[in-house]
Structure formats: C-alpha cells, structure tokens
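K.L.:
Read in order, the letters of the sequence shown are residues 1 to 436 in the UniProt record's numbering.
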Amino acid sequence: MDANSSNTSSATAMPPGPPHNHMHSTTNILPFNSIIIIIVSVVSLLLILAVFLIIAMLRRLKSVRKSGCCKESNGGVHNTTTSCRFVARTAIDFNSSPDVKGNCLYGGSMRKPAIGRYRGVQVFTYKELELATDNFSEANVIGNGGSSVVYKGVLVDGTVAAVKRLRRDRKQGERAFRMEVDLLSRLNSPYLVELLGYCADQHHRLLIFEFMPNGTLQQHLHHPSSECRPLDWGSRLRIALDCARALEFLHEHATPTVIHRDFKCTNVLLDQHLRAKVSEFGLAKMGSDKINGQISTCVPRSTGYIAPEYASTGKLTTKSDVYSYGVVLLQLLTGRVPVDIKRPPGEHVLVSWALPRLTNRDKVEEMVDPAIQGQYSKKDLIQVAAIAAMCVQPEADYRPLMVDVVQSLVPLVKNFNSVNSPCFSRFNRRTTSPKY
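1. DSSP three-state label for residue 228, please.
2. Could you tell me which uninterrupted alpha helix (DSSP H) segments, each at least 4 residues in length, are contained entirely in the region 222-276, listed from first to last along the chain?
3. From the DSSP output, which residues share a beta bridge with residue 151?
4. Which parts of the region 356-427 are runs of the alpha helix (DSSP H), unbroken and 4 residues or longer, counting only runs that do not cross its ends?
5. Write down the C-beta distance between residue 319 and residue 311 rounded to the nearest angstrom, noting that I regard them as a contact closer than 8 Å.
6. What does the Cβ neighbour count give for residue 33, buried or exposed, with the cut at 16 atoms within 10 Å?
7. Leaving out the 5 sequence neighbours to the left and right, which residues in its chain are closer than 6 Å to residue 208 when beta-carbon positions are compared?
8. Tell me whether residue 242 is buried or exposed, calling it buried when 16 or more other Cβ atoms sit within 10 Å of its Cβ.
9. With DSSP as the reference, label residue 210 as helix, strand or coil.
10. Count the C-beta pairs between the region 345-360 and the region 261-270 that are closer than 8 Å, then say yes if the count reaches three, no if not.
11. DSSP three-state label for residue 334, please.
12. Pop quiz: residue 201 and residue 126 are said to be a contact at Cβ under 8 Å. What is the actual Cβ separation, rounded to whole angstroms?
13. Between 189, 135, 364 and 199, which lies nearest to residue 276 when the distance is taken from Cα to Cα?
14. Which residues in the same chain as residue 119 place their Cβ atom closer than 6 Å to its Cβ, once the five residues preceding and following it in sequence are excluded?
15. Determine the DSSP secondary structure at residue 216, reduced to helix, strand or coil.
16. From the DSSP output, which residues share a beta bridge with residue 198?
17. Given a cut-off of 8 Å on the beta-carbon distance, is the pair residue 480 and residue 227 in contact?
18. Looking at the structure shown, is residue 466 part of a helix, part of a strand, or coil, going by DSSP?
19. Okay, do the region 351-371 and the region 322-337 touch, 3+ Cβ pairs below 8 Å being the bar?
20. Using CA coordinates, which residue listed in 132, 51, 359 and 166 is at the minimum distance from residue 158?
21. Start and end of the alpha helix (DSSP H) containing residue 280?
22. I need the straight-line Cα distance from residue 437 to residue 50, nearest angstrom please.
23. Using beta-carbon positions only, say whether residue 148 and residue 165 come within less than 8 Å of one another.
24. If you drop the 5 nearest sequence neighbours on each side, which residues of the same chain put their C-beta closer than 8 Å to that of residue 239?
25. Nearest-angstrom Cα distance between residue 374 and residue 154?
26. Tell me whether residue 351 sits in a helix, a strand or coil according to DSSP, three-state version.
27. Could you work out which residue in 281, 141 and 335 is closest to residue 222 when comparing CA atoms only?
28. Closer than 7 Å by C-beta to residue 203: which residues in its own chain qualify, once you throw out the five before and the five after it? Chain order, please.
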C-alpha cells in the first residue's frame, strides 16, 4: 500500500517531459536550409557577373579588331602615341571616295578621322594630280619604268613632288601600290624616300613622293650628263653609308623586319646635296611572312643584283639584300653595270669579275672607276673593297649584317671628311645616327 502510494506520488510529482528528439531535429534543419539558399544566391551572382564580363571582353576585342589600331611599344618605329597595326594582308577598299579613305587605310573607321589624311600621308583626288602635273604632260616625265611613269608636279600648297602613276594593265601593280602605301606610311627614316600621299580614285593608282632633284644613282654612275655629273670619291662613300643605313633600318629597327628585295642603283635617289634615299618598296617582304627563318617568293627580274641562293631556291632572307647592296657598292667602286655583255669574255658579270680582284691589293686599284682616280687613299680603297667582297660572298652565312657594314663605313666617311674639312660641318650634322 505504502509502496504503491510512493510510486504514485513520484509519478504525480514529475511533470510530463517534452519530446526532446523532435525539438533537436527542427532546430538543426532551419540553419542548413538557410546556408543552402545563401550559397545558391552567391553562385548565381558570380555566374551573372562572369557572363557580363565575358560579353564586355568580346565587345572590346571586336572593337579593337575593327579599328585595326593598337598601342605602340617603346621600341616601335614611330615616335607617336598610336599607330595602325602592321599587317600587310588586310583588304583595302581603294574604290571608295577620298573622304572615306581618310579614316583608316584598312577599312575600319577611327573614332576621330582626319579627313584626307592618314598618319601624315595625304589622300589626293585624280583631278588634283592632273592639275599638279599639267595633265600628266610628257614634258614633266622624270622617270619611265615597266610598271609606272613618274612625273614632276607642283601640289596646291606649292610643294614640288614626284607623282608616280602605275599602269592599269599590270596586276602586280595593285599589290605594289598597297605595299608602298602600307610600308612608307609607317616607316620613318631619313634614309627612306618620304611618301607624301596617294590616290586610289576609281581605277587610278598613284603615289606622291618627295622630289629628289638629283635623280637616281644609276644616272650619275652610268649616264652622266650636265644634270647628272660624275660622283667624286667622297660622294660615293657617303652614298654607300646612306644606303647601308637604310637597309640597316629595315632589317634591324623596323617591326617586323622588312626585306627590300629590289635594292639596286635605279632605286637609290639623290637629293640636292647628293645624299641618298632608298625608294621602290612595291616588292618588299616582311619578316612576319617567314617560314623556318626564310620567305618563299617569286624572284624579281633585277639581273645581276639577285643573291645566288635566292635565284636558285626562291628563299629570301635579309642576306639577300646584303648581296644586292654589295653589287651596288661594286658599282660605286668600279663604275660598271652588274651585267655588260659588251665587255671582253670573263668580264660580263661584275661580281664574277670583281670578286677575285677585291682581295688583291695590287689589282684593286686597276678596278677603280677612272672618274675617281687619285681622289682616295689606298688604305680606304682596300677597306671598301673588303666590305664589298664580304657582301657578295656566294654563301649567305658568310655575308655580314648591315649593322656591321654601317660600323665599317662610318670611320671611313669621317676620316675622309676630316681631310676635306669644308664639307665636314654639313656632313657631320647628317651622319649622326637617327634615333630609332
């Protein structure tokens, strides 16, 4: 009785306990769901941001490709803040009006186009050039080649210029036109002829260059007249150095490397002081076209100037230009043309005849152009002959770089001018190496 009462009172005294297991599970579920929701929200936000970022990058990339312009590196060719991308194979709409061409040469429009101008190169109409050349008068012809005719003209602002008119029936002329505009509107060197403008009005293709009053090196060496007097030894040395610096610029300082591919006497122009500038870039090739360090091309028809390996294989390198330079140097030294079938047997080809004599001190003087006899020191003559011999080596690997040729010629020219001091002050101002 007592035991039952005790148990009953104990049971009565203890309050009914809550369902502990149910309460714990409810408390754990609520925080877990909240974490899931937070994680999903964060991930979704990141995905949305990533999509927007990708879209913005794609739009920017598309805009850059259209404009065709990029920031120029510190070692670039031009000392300007911006320059157009150096691409040769971009299609150019040359049938558009001059105002349209004034935007960007490669078809994309710049944000603030300078109408009628492209990096300092002016766009002319055909009528403007007709007026400048007196309707392309025969009396104004200063050059006539297989692919073009060059006229002397006076632009509206009074600038005397050389207007090169390409023949319509030559397919290669279109490619040459585009290449010259492309390269010369970008490259800036005192040793390259300056492109003032161009005309691509309908089917007309014309290039406007600075006027070089003393014509070509070819005229002075091989066709002297009252207007093209024979060159003295000092002028020949300076011309050799100017040409070497032009090729050095193209090979070492242009980006990408430019191979002229048609360097010869007719493409070396002389200003009023008989200082040389290299012209004719229609056949030029750029280093970006290289395959295994070489460029495969069709060989131009410049008889006597083509490097042996280039003529036989069509593989082009900067050493091909070095060979051509060596031939021009031989012409400066001897006064002979590269190939002359009127000469005695064994003397038809200048390089073949000269190469064994260039390293013979006794025979070197016998090779010298009679027009410069007695104007040089034998020491300087031997050094110039040695440079020429290295440049026309049959094996391309044995030829020097143009930078080495420049370094070899500089002391010779300075030494000559120190002996002939009246000309030294003018020459010294010009021969300071340009800042690339």
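The C-beta atom is built at its ideal place from N, Cα and C for all residues, glycine as well.
Being a predicted model, the structure only gives us computed values, none of them experimental.
P.N.:
Taking the coordinates as given:
1. coil
2. 233-248
3. 141 and 163
4. 361-367, 378-391 and 402-419
5. Not really, about 13 Å apart at Cβ, beyond 8 Å.
6. exposed
7. 161, 163, 196 and 197
8. buried
9. strand
10. no
11. helix
12. 4 Å
13. 189
14. Note on residue 119: pLDDT 49, under 50, position unreliable in the model; the coordinate value appears next. Here the set comprises 185.
15. strand
16. 123 and 207
17. Absent from the model: residue 480. The displayed extent of the chain is 1 to 436, so no value can be given.
18. The question about residue 466 has no answer here: the residues shown for the chain are numbered 1 through 436.
19. yes
20. 132
21. No alpha helix (DSSP H) holds residue 280; DSSP gives it neither H nor E.
22. Shown here, the chain extends from 1 to 436; a query on residue 437 therefore has no answer.
23. yes
24. 217, 231, 268, 270, 274, 275, 276 and 332
25. 41 Å
26. helix
27. 335
28. 168
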